[in-house]
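Student: Let me begin by handing over the structure; questions about it come next.
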Amino acid sequence: MSNPDIRTPDLGRTELWKDAAEIDAAIARMVDELTALLARQGIADPLMIGIHTGGVWVAERLHGALGLHEPLGHLDISFYRDDFTRIGLHPQVRPSCLPVGIDDRHLILVDDVLQSGRTIRAALNVLFDYGRPASVILATLAERAGRELPIAPDVVGLRARLERDEQIKLSGPDPLVLLRGQTPRKPAGKSDLKDARSTPEEDPHVCTGSDPETNRP
1 MSNPDIRTPD LGRTELWKDA AEIDAAIARM VDELTALLAR QGIADPLMIG IHTGGVWVAE
61 RLHGALGLHE PLGHLDISFY RDDFTRIGLH PQVRPSCLPV GIDDRHLILV DDVLQSGRTI
121 RAALNVLFDY GRPASVILAT LAERAGRELP IAPDVVGLRA RLERDEQIKL SGPDPLVLLR
181 GQTPRKPAGK SDLKDARSTP EEDPHVCTGS DPETNRP
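Here it is in structure tokens:
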């Protein structure tokens with residue numbers, strides 16, 4: 001269903017790709033797959049961590065449906081990506097928050113869309129600043145072609161078949177829908193370095209958790 005009035009800064013004009021009901025169904029499938037995977041691996045009390053921003057929205061749904069006991073953690077990986085200036089990211093810095101220590105814990109890392117794999121690589125770098133987990137399960141709402149790194153999800157809700165120049169983006173938090181559009185071309189010679197100097201954005205999640213400098217709560 002086309003919606004030419006939806007615009008996002010990084011995609012320009014977009015259309016609706018998956019509506020709220022389809023997203024709910026995909027998340028329900030993810031819950032079932034995660035439940036089965038945790039049972040097979042004998043993991044009883046995992047920690048769930050969402051990647052800002054869309055990954056946190058998805059993680060909030062999964063966390064509630066799975067009935068996990070530990071608080072939900074969240075990561076901002078803006079400056080950990082090795083390509084944020086090249087691809088034109090304009091990061092709004094949000095504080096990462098891991099409410100409990102992650103040493104020797106089993107983690108579920110959640111993101112909204114997996115494409116190149118660079119976001120997940122950056123998220124793992126952030127996590128290892130905090131500690132050394134026993135294992136990391138990767139769950140993504142949507143997976144599409146375009147992998148640049150050997151990273152694959154353990155659990156995925158949707159698989160997207162898109163043209164090379166098409167992108168998908170999660171819009172939310174309520175309702176959650178996936179939009180499809182084309183990445184606008186950057187004007188020639190424009191630098192993104194000035195955009196990297198961003199001030200922290202107020203975060204709705206209050207964190208009293210572990211410190212990456214000390215690696216302990």
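For the sequence shown, UniProt numbering assigns the number 1 to the initial residue and increments by one for each residue that follows. We put the CB at the ideal spot given by N, CA and C, even for glycine.
1) In this structure, how does DSSP classify valine 100 when only helix, strand and coil are distinguished?
2) Would you give the residue range spanned by the beta strand (DSSP E) that histidine 74 belongs to?
3) Spatial neighbours of alanine 65 within its chain, please: C-beta separation below 8 Å, excluding the five flanking residues on both sides.
4) For the candidate residues Gly172, Leu109, Asp19, Ile137, whose alpha-carbon lies nearest to that of alanine 39?
5) Do aspartate 174 and leucine 141 come within 9 Å of each other at the CB atom, strictly closer than that value?
6) So what's glycine 117 in DSSP terms, helix, strand or just coil?
7) Could you tell me the distance, in whole angstroms, from the CA atom of aspartate 76 to the CA atom of valine 126?
8) Are glycine 146 and serine 171 closer than 9 Å when you measure CB to CB?
9) Kindly identify the DSSP beta-bridge partner or partners of arginine 144.
10) With C-beta atoms as the reference, is leucine 68 less than 9 Å away from leucine 47?
11) Would glutamate 148 and alanine 160 qualify as a contact pair, given that the criterion is a beta-carbon distance under 9 Å?
12) Once DSSP output is grouped into helix, strand and coil, what is the label at threonine 14?
13) Taking C-beta to C-beta, are glycine 133 and valine 100 nearer than 9 Å?
14) Determine the contact status of lysine 169 and leucine 179, defining contact as a CB-CB distance below 9 Å.
15) Measuring alpha carbon to alpha carbon, tell me which of Ile51, Leu37, Ala36 ends up nearest arginine 121.
16) What would DSSP say about isoleucine 27, mapped onto helix, strand or coil?
17) From what residue to what residue does the beta strand (DSSP E) around arginine 180 run?
18) Are the Cβ atoms of leucine 124 and proline 153 separated by less than 9 Å?
19) Ends of the beta strand (DSSP E) at residue 277?
Tutor: Well, looking at it:
1) Here valine 100 sits in coil by DSSP.
2) For histidine 74, the enclosing beta strand (DSSP E) has its first and last residue at 73–75.
3) Ile27, Ala28, Val31.
4) Alanine 39 has its Cα closest to that of Ile137, out of Gly172, Leu109, Asp19, Ile137.
5) No, the pair does not count as a contact, with Cβ atoms beyond the cut-off.
6) Three-state DSSP puts glycine 117 in coil, outside helix and strand.
7) The straight-line gap from Cα to Cα measures roughly 8 Å.
8) By the CB criterion at 9 Å, glycine 146 and serine 171 fall outside the cutoff.
9) Under DSSP, arginine 144 takes part in a beta bridge, and its partners are Ala160.
10) Their beta carbons are under 9 Å apart, which means leucine 68 touches leucine 47 by this criterion.
11) At the C-beta level, glutamate 148 and alanine 160 stay beyond 9 Å of one another.
12) Looking at threonine 14 - three-state DSSP - the assignment turns out to be strand.
13) It is proline, not glycine, that sits at residue 133 in the sequence shown. Taking 9 Å as the Cβ cut-off, proline 133 and valine 100 do not qualify as a contacting pair.
14) Against a cut-off of 9 Å, the Cβ pair of leucine 179 and lysine 169 comes out as a contact.
15) Proximity to arginine 121 across Ile51, Leu37, Ala36 peaks at Ile51, based on C-alpha coordinates.
16) Here DSSP, grouped into helix, strand and coil, assigns isoleucine 27 to helix.
17) Segment 177–182, the beta strand (DSSP E) holding arginine 180.
18) Not in contact: leucine 124 and proline 153 (Cβ atoms no closer than 9 Å).
19) Only positions 1 to 217 of the chain appear in this structure, which leaves residue 277 out of reach.
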